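Written below as structure tokens is the structure these notes are about.
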Amino acid sequence: MKKIIIGIISLLLSFASHSEIYTDAGTKWYGPYTIKSVSRQIQHVHRVSIQFNESIETTCELNNTTRRVTNVADNYIVVDAIFSGALAAQAQNKPVRILLTGACHATHGLNLWGIEVINE
């Protein structure tokens, strides 16, 4: 019986150590940061931008300088999901981690493809 209990506890502990959200190659999670502002625009494409209170450290100087990340997509569902998560985090003053990918675009920086609201 002891061996079974120890085995179950070991298994549960191993799951806890792998709770990081999976990401594809070329993408990276950054943060945690708190949100200063969130904006949603439609100018030929759907766009959501998030600006942070803290300095951010990414591989793109534009994002670091402006403290802003943006998703530009033809898919309003993706943009609305990120917008909704960002608004929820801002309203509750919760920190977030952001998933960025792609090359450093001259206007938008790295592309924002995910948001994780952190409950501390």
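According to mature numbering (1 follows the signal peptide of the UniProt record, and there is no 0), the residues represented by the sequence shown are -19 to -1, 1 to 101, in order.
Quick reminder that beta carbons are idealized off the backbone N, C-alpha and C, glycines included.
Computed from a predicted structure; not experimentally measured.
Report task. Whole angstroms is fine: what's the gap from residue 104's alpha carbon to T15's? Result -> Because the chain spans -19 through 101 in this model, residue 104 falls outside it and cannot be assessed.
Query raised in the report: How should N92 be labelled, buried or exposed, when 16 other C-beta atoms within 10 angstroms of its C-beta is the threshold for buried?
Result: Within the sequence shown, residue 92 is the residue found at index 111, counting from 1. Counting other Cβ atoms within 10 Å of its Cβ, N92 reaches 16 or more and is therefore classed as buried.
Report task. Go to E42, then tell me how far its beta strand (DSSP E) extends in each direction, as first and last residue. Result -> Along the sequence shown, read from residue 1 onward, the residue named residue 42 stands at position 61. It is not in any beta strand (DSSP E) - E42 instead sits in the alpha helix (DSSP H) that spans 42 to 47.
Requested in this report: Within the same chain, show all residues whose beta-carbon is closer than 6 Å to that of I23, passing over the 5 residues directly before and after it, in chain order.
Outcome: Position 42 of the sequence shown, counted from the first residue, corresponds to residue 23. None.
Query raised in the report: Hey, would you say the C-beta of I99 is under 8 Å away from at least one heavy atom of the ligand GDP?
Result: For the structure depicted, the ligand GDP is absent and the ligand set is empty, with no information on it obtainable.
Report task. Would you identify the three-state DSSP class for A87, choosing helix, strand or coil? Result -> Indexing the sequence shown from 1 puts residue 87 at position 106. It is coil, neither helix nor strand.
Query raised in the report: Who are A54's beta bridge partners in DSSP?
Result: In the sequence shown, residue 54 corresponds to position 73, counting from 1. Within the DSSP bridge table, the entry for A54 names H27 as partners.
Requested in this report: Could you spell out the range, first to last residue, of the beta strand (DSSP E) harbouring T8?
Outcome: Against the sequence shown, residue 8 aligns to sequence position 27. Element bounds for T8: 8 to 14.
Query - Close-in-space but distant-in-sequence residues of the same chain around T82 (CB under 6 Å, 5 per side omitted) - result: Reading the sequence shown from its first residue, position 101 is the one you call residue 82. Excluding residues within five positions, the ones whose Cβ falls inside 6 Å are G7, T8, N92, W94.
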